[in-house]
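There are 2 protein chains.
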Amino acid sequence: MSKQEITLTPVSGASCCTPISDAALDSAGAADGAAVFRALADPVRLRLLSMITSAGDEICVCDLTPQFEVSGPTISHHLKVLREAGLVDCERRGTWVYYWPVPERLQWISTLLAVPETALTR
Amino acid sequence: MSKQEITLTPVSGASCCTPISDAALDSAGAADGAAVFRALADPVRLRLLSMITSAGDEICVCDLTPQFEVSGPTISHHLKVLREAGLVDCERRGTWVYYWPVPERLQWISTLLAVPETALTR
DNA sequence: TCCCTGTCTTGAAGTTCATCTAATCAACGA
DNA sequence: TCGTTGATTAGATGAACTTCAAGACAGGGA
Chain A
1 MSKQEITLTP VSGASCCTPI SDAALDSAGA ADGAAVFRAL ADPVRLRLLS MITSAGDEIC
61 VCDLTPQFEV SGPTISHHLK VLREAGLVDC ERRGTWVYYW PVPERLQWIS TLLAVPETAL
121 TR
Chain B
1 MSKQEITLTP VSGASCCTPI SDAALDSAGA ADGAAVFRAL ADPVRLRLLS MITSAGDEIC
61 VCDLTPQFEV SGPTISHHLK VLREAGLVDC ERRGTWVYYW PVPERLQWIS TLLAVPETAL
121 TR
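Heads up: the protein sequence lines correspond to chains A and B, in order. At position 11 of the first sequence the residue is numbered 11 (the UniProt record's numbering), and the sequence of numbers has no breaks. At position 27 of the second sequence the residue is numbered 27 (the UniProt record's numbering), and the sequence of numbers has no breaks.
Encoded structure:
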């Protein structure tokens, strides 16, 4: 299920680990970045990611769903969006499905937003 | 024009500067965060923000618009979204309008995504 | 094999968003 | 005062997104 539904390239050429502010993003890099931010642009998904990441190791879908007021299929849909953005990965083990974060991906977008010292002097 | 169109609270209570992974986000914090990510979830806006932030100090709208293939009003719309998300601010000086980044805001969302060491060990 | 539980996928309805054109507003100079 | 230039706002349209209900799929136990 999990392994490679991820379609986004983890990094777009030279824009890897380059803070957004060091040099203007090219169109391709912007499209990649925007796709990841779009995955984060929903309160349910942000909370899901937060819960998955704060779980320490991994977390079962059955522990996530009851925390929300939306239906199971909706949670499943949001998890799929996070998965396709490369932010989390999952695996079925027996009856249950477990999710865990992809730290490299989180670090990448975090770095993308890093503010260079030169911009902090104003 | 600029000063206070910003409607988002810069920070939601205890979630201030708390990495997404240190503790699960509450609904309010998730809504705030999602609103900012939604502002970044468009390639044009991401490039606009990149250009504004990489300009060093500030940049004129007239230098931004020609770099895109969309119309002026569309650029203006996207700049408004970035403004309302608190990511940039602007000021008219004579004929031209200048934009600059709000580093605290960028740092806030960057920190929100920071991955704690505990999550990097798997 | 059959049924039950848990999760995901599909299809449809309603809503939100990106974009355009046209109109409006602000500053400047003749 | 009027016309020009630069930027934003308003309204309309088509595309994309969120959500749910219904059905399908996977695994476990009788």
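Positions of the beta carbon are idealized from the N, C-alpha and C atoms, including for glycine. All figures in this text were calculated on a predicted structure; none of them were measured in a lab.
1) Identify every run of the alpha helix (DSSP H) within the UniProt domain "HTH arsR-type" (25-122) of chain B, keeping only runs that are complete inside it and at least 4 residues long; order them along the chain.
2) Would D42 of chain B pass as an interface residue toward chain A - the criterion being a Cβ-Cβ separation below 8 Å?
3) Are the beta-carbon atoms belonging to P43 of chain B and A30 of chain A less than 8 Å from one another?
4) Could you work out which residues of chain B lie near L82 of chain A, taking near to mean beta carbons separated by less than 7 Å?
5) Do the stretch 45-58 of chain A and the stretch 71-81 of chain A make contact, defined as three or more Cβ pairs closer than 8 Å?
6) Can you find a C-beta in chain B that's less than 8 Å from the C-beta of I59 of chain A?
7) Return the CA-CA distance between A39 of chain B and C62 of chain A, expressed in angstroms with no decimal places.
8) Using a beta-carbon distance below 8 Å, is S50 of chain A in contact with chain B?
9) Mark G33 of chain B as exposed unless 16 or more other C-beta atoms lie within 10 angstroms of its C-beta, in which case mark it buried.
10) Given that a residue counts as buried once 16 or more other Cβ atoms are within 10 Å of its Cβ, and exposed if not, what is A28 of chain A?
11) For G33 of chain A, go through chain B and note every residue whose CB falls closer than 7 Å to its CB, in chain order.
12) In chain B, which residues lie less than 9 Å from R38 of chain A when you measure between Cβ atoms?
13) Sort A:R47, A:P103, A:L113 by Cα distance to E69 of chain A and report the nearest one.
14) Give me, in chain order, the residues of the same chain whose beta-carbon lies closer than 7 Å to that of T74 of chain B; leave out the 5 immediate sequence neighbours on both sides.
15) Using a Cβ cut-off of 7 Å, pull out every chain B residue sitting near L25 of chain A, in sequence order please.
16) When the distance is taken between beta carbons, is D89 of chain A closer than 8 Å to P100 of chain A?
17) Between A85 of chain B and chain A, is any beta-carbon pair separated by less than 8 Å?
18) Let me make sure I understand the geometry here. Which of A:R45, A:T111, A:A24, A:L25 has the alpha-carbon closest to that of E84 of chain A?
19) For chain B, is any of its Cβ atoms less than 8 Å away from the one on S71 of chain A?
20) Residues in its own chain within less than 7 Å of L64 of chain A by CB, not counting five upstream and five downstream?
21) Closer than 8 Å, CB to CB, is I109 of chain A near chain B or not?
22) Please return the same chain residues whose Cβ sits closer than 6 Å to the Cβ of G13 of chain B, not counting the five positions on each side in sequence.
23) Can you give the Cα-Cα distance for C60 of chain A and Y98 of chain B, rounded to whole angstroms?
According to the data block:
1) Fully enclosed alpha helix (DSSP H) runs of 4 or longer: 27-40, 43-54, 61-64, 72-84, 103-112.
2) Yes, contact with chain A.
3) Cβ atoms of P43 of chain B and A30 of chain A: closer than 8 Å.
4) Among the residues of chain B, none has a CB under 7 Å from the CB of L82 of chain A; the nearest is roughly 12 Å distant.
5) Output reads yes: the stretch 71-81 of chain A touches the stretch 45-58 of chain A.
6) By this cut-off, I59 of chain A is not an interface position.
7) As the crow flies, the alpha-carbon of A39 of chain B is around 31 Å from that of C62 of chain A.
8) Under the Cβ criterion of 8 Å, S50 of chain A is counted among the residues facing chain B.
9) Under the 10 Å beta carbon count, G33 of chain B is surrounded by 16 or more other beta carbons and is classified as buried.
10) If you draw a 10 Å sphere on the C-beta of A28 of chain A, you find fewer than 16 other C-beta atoms in it, and that means exposed.
11) Ordered by position in chain B, the residues that pass the 7 Å Cβ test against G33 of chain A are L46.
12) Residues of chain B whose Cβ lies closer than 9 Å to the Cβ of R38 of chain A are, in chain order, F37, R38, L40, A41, D42.
13) For the residues A:R47, A:P103, A:L113, the minimum Cα distance to E69 of chain A belongs to A:R47.
14) None.
15) Result: L46, R47, S50.
16) Looking at the sequence itself, residue 100 of chain A is Trp, so the reference to Pro does not match. In this structure, D89 of chain A lies closer than 8 Å to W100 of chain A by Cβ.
17) A85 of chain B does not count as touching chain A.
18) The residue with the shortest Cα to Cα distance from E84 of chain A is A:R45.
19) Any Cβ of chain B closer than 8 Å to the Cβ of S71 of chain A would place that residue at the interface, and such an atom is absent.
20) Around L64 of chain A: L48, M51, I75.
21) At least one chain B Cβ lies under 8 Å of I109 of chain A.
22) Note that G13 of chain B scores 31 on pLDDT, short of 50, meaning its location in the model is unreliable; the coordinates nonetheless yield the value given after this. Result list for G13 of chain B: empty, nothing under 6 Å.
23) The straight-line gap from Cα to Cα measures roughly 49 Å.
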